[in-house]
Structure formats: structure tokens, C-alpha cells
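Trainee: Sending over a structure as C-alpha cells; questions will come in a sec.
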Amino acid sequence: MRVAVFSSKPYDVRSLGAAAAGTDHRLDFFEARLNCEQVPLASGHDAVCVFVHDEVDERVLQALASGGTRLVALRAAGFNNVDLDAARDAGIRVCRVPAYSPNAVAEHAVALVLSLVRRTYRAYNRVRDGNFALEGLLGFDLNGKCVGIVGTGRIGTVFAGAMKGFGCRLLAYDPYPNEEMVALGARYVDLPELFAESDIIALHAPLTPQTRHLVNADSLAGVKSGVVIVNTSRGALIDTDAVIEALKDGRVGYLGLDVYEEEEKVGFYEDQSASIIQDDTFARLLTFPNVLITAHQAFFTAEALAGIANTTIANLTAFERDGVPLHEVAAEEPARPS
Ligand code: NAD
Numbered sequence: 001m002r003v004a005v006f007s008s009k010p011y012d013v014r015s016l017g018a019a020a021a022g023t024d025h026r027l028d029f030f031e032a033r034l035n036c037e038q039v040p041l042a043s044g045h046d047a048v049c050v051f052v053h054d055e056v057d058e059r060v061l062q063a064l065a066s067g068g069t070r071l072v073a074l075r076a077a078g079f080n081n082v083d084l085d086a087a088r089d090a091g092i093r094v095c096r097v098p099a100y101s102p103n104a105v106a107e108h109a110v111a112l113v114l115s116l117v118r119r120t121y122r123a124y125n126r127v128r129d130g131n132f133a134l135e136g137l138l139g140f141d142l143n144g145k146c147v148g149i150v151g152t153g154r155i156g157t158v159f160a161g162a163m164k165g166f167g168c169r170l171l172a173y174d175p176y177p178n179e180e181m182v183a184l185g186a187r188y189v190d191l192p193e194l195f196a197e198s199d200i201i202a203l204h205a206p207l208t209p210q211t212r213h214l215v216n217a218d219s220l221a222g223v224k225s226g227v228v229i230v231n232t233s234r235g236a237l238i239d240t241d242a243v244i245e246a247l248k249d250g251r252v253g254y255l256g257l258d259v260y261e262e263e264e265k266v267g268f269y270e271d272q273s274a275s276i277i278q279d280d281t282f283a284r285l286l287t288f289p290n291v292l293i294t295a296h297q298a299f300f301t302a303e304a305l306a307g308i309a310n311t312t313i314a315n316l317t318a319f320e321r322d323g324v325p326l327h328e329v330a331a332e333e334p335a336r337p338s
């Protein structure tokens, strides 16, 4: 199959190229993001392979269909950037990589928690500057603390296991409770109780209309003062303006973000170090000494990249052979993806 790979980085070329070796798929790599302007690049390709910032909306899907494309293969788990109804109407199938390394993302969430509560990101700079003072670096033990996990699918469950290893108590919220979590000792509660009881809140739910701005002024009114919030799922689970207010008055004591609601516009995945940040909300976040932001890198391990590439190629091969990809995402799919 001819496949147009959008938002390609050198590591995508390497990992997808290695996974496609020995198949007869022809991958054409484009650095551009897929959107209305760039969609002509896909013309004549049977499939497009896209990532989290590609805009796969109704106009793009219609243009893809007229150019002969029949499959959108996401090399990601989340699919909130694809209009599934429009894809169905355009006769285009959509597939994704449902599980590649939940460990990669869960471990990054743990890294954010540890770095925040022991302030190692600040200590690193101090020591390099010859400042060996400890004032301002006081942390707290994780042992015995209460961790609330919103979304207990693959990643949330691995995160829960790691936090249990530190001796934390586990609370969970998910419309589909999971036995593995219960076996770890987690107690499923409603969201207000989770917000009220947790010392650490970790977001691992997909972005849906129900989860958009799940952390907002109302929910933040009910958190423990100084709570740690970590988000490695999708940026829009948090109302950023509301969290900034809660950081200013100390209700949020630590904030770890791998995702941001306007991350495409900020330029995540690009070197913007010589540019002026135009997003004042993002710039404000960067001023807090207790906010640690990474640029959507939680998935970025060697194991995860190989897993993403292998499943993506398997999706393409299955689609070419059977007309149906291995891990299809369909418009009528309920909130819990298979
Ligand atoms: P998953 O499908 O295994 O689990 C998601 C869980 O969220 C499910 O148990 C589902 O029931 C639950 N859920 C659905 N609606 C909910 C709601 N309203 N409230 C609470 N929970 C709800 O997915 P996963 O593999 O664990 O991934 C979780 C999310 O992590 C993905 O959707 C994606 O957005 C994000 N992600 C981020 C990165 C990264 O690099 N930062 C990488 C992969 C995935």
C-alpha cells in the first residue's frame, strides 16, 4: 500500500521504516502536519498515517476520500483529533495503536510525581550553578499518601501498581471499574470524593465530551490544599485558567503536565526556542516554580516507538489483506475504547 506519513520526525522514519522492512508497503514521509492546506500531499495514497496533532476533520477527510485514501492509521492511542462520523460518511476506516507500552506513559507520570515532590528539576539547576543550599527543596514521602487515579485503563492501572509500590493508598474513578485495580487495593469512588481525599491526582482518561475540563474551578474547590496534579492524558482534561488560579492560592501545590490544551499552537514537537511564546496562559504556567512541563513525551521510549511502528504496519497489512485494520476505531464506539 502507498502510505503518506504525516508529522514525520527522524525517529518515525527509523521506527516505521524498520517495521515495514520486508513488507511491500511504500511509506512516503512528510514533515508537514495533515490539515486542509497539506492534504493534497496525500493524493494517490491508499492510507495516511497520522499523529496526535494532525487535523483529521470533516474537510480533510472529504479531501482524502477524493484523493483515493481509504484508511487513516493513527500511530497513537488517543483519537480525539479524528472526526469519526465524518470518516464513516467519507467511507474511510480509522485505526489506532490501542496499547504499545502503557509502561512508557505510566512511568513518565511517576517521573513527574517524583521530580515534583522532591524538586529534583530545581536541584539539578542549583547544583550546576554551585548552589548547594537545600532551602526551598523540602519534599514529602509518598509512602502512606492517597493517590486518586482518574481513568483506570491500561496506563492508569500500571501507574496504580507503581504507586502502590511506594506504599500509597489508591482511589479510582472510571465508569468501567477494573478488577486489576481492585486487586491492587484500589477503592472506586465518585469524582468529588476522589478530589477531596487525594494527595496526588493522576489523569489517565481519554479526552471525550465527559472528560473535557474535568479539572475545573468547581472540582478544584474541593481538593486538599497543596494537592499534586499530574496529567499525561490530554491537555483539555484540565481547564488551564482554573488551575492557574488554584496554583496562585496554593490549592494546587504541584502540577506536572505532559500535555497542554493548546499544545499544537504552542508548537509541541518543534524547536521553538528562538520564538516568542504567544500563548499567555502557557507563559504564565512556565513562571510557577512548582509546575513541571514536558512536551508530550510520555510515550517516547524505544520500546513504545517499536510497538507503535509494529502495530501500525500490522494495521496496514490487515487492511490491505482483509479490508479491515486490526484495531479499528468506529464512530459508534462507546467511551471505553476496545
Ligand atoms: P485505555 O483506553 O486503556 O483507558 C482509558 C480509561 O479511561 C478506560 O478505563 C475508560 O473507561 C476510562 N474513561 C473513559 N471515560 C472516562 C471518564 N469520563 N472518566 C474517567 N475515566 C474514563 O487508555 P490508555 O492506554 O490507558 O490511555 C489513556 C489516555 O492516555 C489516552 O486516551 C491518551 O489520551 C493518553 N495517552 C497519552 C500519551 C502521552 O504520550 N502523553 C500516550 C498514550 C496515551
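Numbering (our numbering), first residue to last: 1 to 338. Backbone N, C-alpha and C fix where the C-beta goes; we use that ideal spot for every residue, glycine too.
#1: Determine contact between the stretch 285-295 and the stretch 88-104, defined as no fewer than three beta-carbon pairs at a distance below 8 Å.
#2: Please indicate yes or no: does the CB of L286 lie closer than 8 Å to some heavy atom of ligand 1?
#3: Can you determine whether any heavy atom of ligand 1 sits closer than 8 Å to the C-beta of V340, and answer yes or no?
#4: At which residues does the alpha helix (DSSP H) containing V127 begin and terminate?
#5: Output the distance between the C-alpha atoms of Q62 and L71, rounded to the nearest integer angstrom.
#6: Spatial neighbours of F158 within its chain, please: C-beta separation below 6 Å, excluding the five flanking residues on both sides.
#7: Going by other Cβ atoms of all chains shown within 10 Å of its Cβ, with 16 needed for buried, is A335 buried or exposed?
#8: Could you please give the first and the last residue of the uninterrupted beta strand (DSSP E) stretch that includes Y254?
#9: F349 bridges to which residues according to DSSP?
#10: Taking all protein chains shown into account, decide if Q210 is buried (16 or more other Cβ within 10 angstroms of its Cβ) or exposed.
#11: Starting from I293, follow the beta strand (DSSP E) in both directions and report where the run begins and ends.
#12: Quick one: Cα of L255 to Cα of R26, how far?
#13: Closer than 8 Å: is that where the CB of N125 sits relative to any heavy atom of ligand 1?
#14: I'd like to confirm something about I229: is its beta-carbon nearer than 8 Å to some heavy atom of ligand 1, or not?
#15: Is the beta carbon of V147 less than 9 Å from the beta carbon of I229?
#16: Nearest to A221 by alpha carbon, out of P206, V252 and P175?
#17: Report all residues from its chain with a CB closer than 6 Å to the CB of A217; omit the five preceding and five following residues, and keep chain order.
#18: To the nearest angstrom, how far is it from the Cα of A99 to the Cα of A133?
#19: Under the rule that 16 or more other beta-carbon atoms within 10 Å means buried, what is Y260, buried or exposed?
#20: Leaving out five residues on either side along the sequence, give the residues of the same chain with a beta carbon under 6 Å from the beta carbon of G235.
#21: At which residues does the beta strand (DSSP E) containing N231 begin and terminate?
#22: DSSP state of I92, grouped into three classes?
#23: Would you check whether ligand 1 has a heavy atom nearer than 8 Å to the C-beta of G156?
#24: Around the Cβ of Y173, are there at least 16 other Cβ atoms within 10 angstroms (buried) or fewer (exposed)?
#25: Which of the three DSSP states is assigned to S15 in this structure?
#26: If you draw a straight line from the alpha carbon of S381 to that of A32, how long is it in whole angstroms?
#27: Can you find the residues in the same chain that come closer than 7 Å, C-beta to C-beta, to L137, ignoring five residues on each side of it along the sequence?
#28: So with Cβ pairs under 9 Å, would you call L134 a contact of chain D?
#29: Could you round the C-beta distance between L34 and E55 to whole angstroms and report it? I think they count as a contact, below 8 Å.
Mentor: Looking at the coordinates:
#1: no
#2: no
#3: A question about residue 340 goes unanswered here, because the residues of the chain that appear run from 1 up to 338.
#4: T120 to R128
#5: 12 Å
#6: Inspection of the sequence shows that residue 158 is occupied by Val rather than by Phe. Within the same chain, V158 has close Cβ partners P102, N103 and A106.
#7: Reliability fails at A335, whose pLDDT of 47 lies under 50, so the model's placement of it is uncertain and the value that follows must be treated cautiously. Exposed, by the Cβ-count rule.
#8: V252 to L257
#9: Because residue 349 is not part of the residues shown, which for the chain are 1 to 338, the question remains open.
#10: exposed
#11: V291 to I293
#12: 43 Å
#13: no
#14: no
#15: no
#16: V252
#17: A242
#18: 43 Å
#19: buried
#20: V259, Y260, E261 and E263
#21: V227 to N231
#22: coil
#23: yes
#24: buried
#25: helix
#26: Given a span of 1 to 338 for the chain in the structure shown, any question on residue 381 remains unanswerable.
#27: R119, R122 and A123
#28: The structure shown contains no chain D; it is built from a single protein chain.
#29: 6 Å
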